[in-house]
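For reference, the structure is listed below as structure tokens.
In the working numbering, the protein residues as written are 138 to 346.
See below:
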């Protein structure tokens, strides 16, 4: 029986556009931005930020060196926010109906810039933050590991005192899904921007009878 539902953030709860983010970083002066940015996992100093190996301030310093000019914290946040096309507020409100029966959590490769926005009143038009919708947030930069590394799933299970047989993980990345399966976690693969609510309800109905 499923007792906890874990959602990816980008591509599941927010619709993302990697090319838009790449364009913004290029506007800042990072001419080879596509070498650092990916829909699922970053590289270089971008990965170090998401993996929690460096702080936001260090990232800004690194980005300034890469762009050959001083970059502000606000400019860096603006570029990272290029990923965000739409917050699926209708999805967030719908899954709240599941909260009495299931624990709801996030497992995401993310960073302080995006989460500074998501965990504030700026996240939704009604002033709700990401924390208002979920019981726990498992964030790569706070856990010092990233999907699809097996460690992040094992850490999540340990911190949350979860039985993997009772966990359903929803993600749009095939490698992330495969890694969750290796940890014994039930999975549901969706697509970026897809309305996965009917698929989720059908899964829960068939597994929790």
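Note that the Cβ used here is the ideal one computed from N, Cα and C, for glycine as well.
When you compare the CB positions of residue 124 and residue 154, do they come within less than 8 Å of one another, or not?
Missing from the structure shown is residue 124; the chain here goes from 138 to 346 and no further.
Measure the C-alpha to C-alpha separation of residue 339 and residue 158 and round it to an integer number of angstroms.
What you label residue 339 is simply residue 202 of the chain shown in a count that begins at 1. What you label residue 158 is simply residue 21 of the chain shown in a count that begins at 1. Those two C-alpha atoms are separated by around 34 Å.
Between residue 286 and the rest of its own chain, which residues show a CB-CB distance below 8 Å, the 5 nearest in sequence each way excluded?
To locate residue 286, count along the chain shown from 1; it is residue 149. The answer, listed in chain order, is 316.
Using beta-carbon positions only, say whether residue 152 and residue 246 come within less than 8 Å of one another.
Within the chain shown, numbered from 1, the residue matching residue 152 stands at position 15. Within the chain shown, numbered from 1, the residue matching residue 246 stands at position 109. In this structure, residue 246 does not lie closer than 8 Å to residue 152 by Cβ.
Cβ of residue 219 within 8 Å of Cβ of residue 256?
Residue 219 sits at position 82 when you count from the first residue of the chain shown. Residue 256 sits at position 119 when you count from the first residue of the chain shown. No. Outside cutoff.
Got a sec? Which residues, its chain only, sit under 6 Å from residue 333 by beta carbon, not counting five neighbours each side?
As a position in the chain shown, residue 333 is number 196, starting the count at 1. Here the set comprises 327.
Per-residue burial, residue 345 [other beta carbons within 10 Å of its own, 16 or more giving buried]
Locating residue 345 in the chain shown gives position 208, counting from the first residue. With fewer than 16 other Cβ atoms within 10 Å, it is exposed.
What residue range does the alpha helix (DSSP H) around residue 313 cover?
For the purposes of this step, residue 313 is identified with residue 176 of the chain shown, where counting begins at 1. Start and end: 311 to 319.
Looking only at C-alpha atoms, which of 214, 329, 215 and 197 sits nearest to residue 207?
Indexing the chain shown from 1 puts residue 207 at position 70. The residue with the shortest Cα to Cα distance from residue 207 is 197.
Using the beta-carbon count (16 or more within 10 Å), is residue 313 buried or exposed?
One-based indexing of the chain shown puts residue 313 at position 176. Classification for residue 313: buried.
Below 8 Å on the Cβ atoms is my guess for residue 306 versus residue 139; work out the distance and round it to an integer in Å.
On the chain shown, residue 306 is found 169 positions in, with the first residue counted as 1. On the chain shown, residue 139 is found 2 positions in, with the first residue counted as 1. Actually they do not touch by this definition, with Cβ atoms about 10 Å apart.
In whole angstroms, what is the alpha-carbon distance linking residue 325 and residue 205?
The count along the chain shown starts at 1 and reaches residue 325 at position 188. The count along the chain shown starts at 1 and reaches residue 205 at position 68. C-alpha separation (whole angstroms): 43 Å.
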